[in-house]
């Protein structure tokens with residue numbers, strides 16, 4: 001069975017979430033994810049991602065939605081819950097991404113026996 005070509009735009013993502021919610025509501029036989037969690041890493045540069053996180057914090061505050069905004073020496077993250085669903089997005093600092101990629105570069109060369 002082929003899966004239809006996905007619309008990877010923001011509008012396509014939102015439409016897909018609505019369609020999934022409608023389908024799960026109409027068809028209780030279809031299992032749902034017990035974790036109720038959407039979490040992803042932001043792409044782009046560190047500056048772009050951190051700016052997007054700050055803009056999100058501003059609009060969540062204006063909308064009166066409680067959220068957790070974590071800023072560490074390694075990354076930034078925003079997490080909030082709506083009803084039974086948690087939504088989270090984050091971005092590692094560029095130095096951490098480089099360190100992680102350097103560590104992963106050894107994976108194909110090091111074998112533990």
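In the UniProt record's numbering, the protein residues as written are 1 to 113. A virtual CB, placed ideally from N, CA and C, is assigned to each residue, including glycine.
If you measure between the beta carbons of residue 55 and residue 75, is that distance less than 8 Å? Taking 8 Å as the cut-off, the Cβ atoms of residue 55 and residue 75 do not count as close.
Let me know if residue 78 comes out buried or exposed under the rule of 16 or more other beta-carbons within 10 Å of its beta-carbon. With 16 or more other Cβ atoms within 10 Å, it is buried.
In the DSSP assignment, what are the bridge partners of residue 77? Looking at the DSSP output, residue 77 shares a beta bridge with 70 and 90.
For residue 42, does the three-state DSSP call read helix, strand or coil? Residue 42 falls in the coil class under three-state DSSP.
Tell me the rounded alpha-carbon separation between residue 105 and residue 33. Straight-line Cα distance between these residues: approximately 33 Å.
C-beta atoms of residue 85 and residue 36 nearer than 8 Å: Inclusion of residue 85 and residue 36 in the CB contact set at 8 Å is warranted, their separation being smaller than that value.
By alpha-carbon positions, which one of 21, 109, 96 and 88 ends up nearest to residue 116? Lying outside 1 to 113, the shown extent of the chain, residue 116 is not represented and no answer is given.
Please identify the residue among 81, 72 and 107 whose C-alpha is closest to the C-alpha of residue 96. Residue 96 has its Cα closest to that of 72, out of 81, 72 and 107.
Using 8 Å as the threshold, is the C-beta distance between residue 115 and residue 30 below it? Residue 115 cannot be examined here, being either before or after the span of the chain that is shown, 1 to 113.
Suppose the cutoff is 6 Å on Cβ atoms and the five residues either side in sequence are ignored; what does the same chain contact list for residue 49 look like? So the list reads 42 and 91, once near-sequence residues are dropped.
In or out: residue 1 buried (at least 16 other Cβ within 10 Å) or exposed? The pLDDT assigned to residue 1 is 45, lower than 50, so where the model puts this residue is not dependable, and the model offers no usable value.
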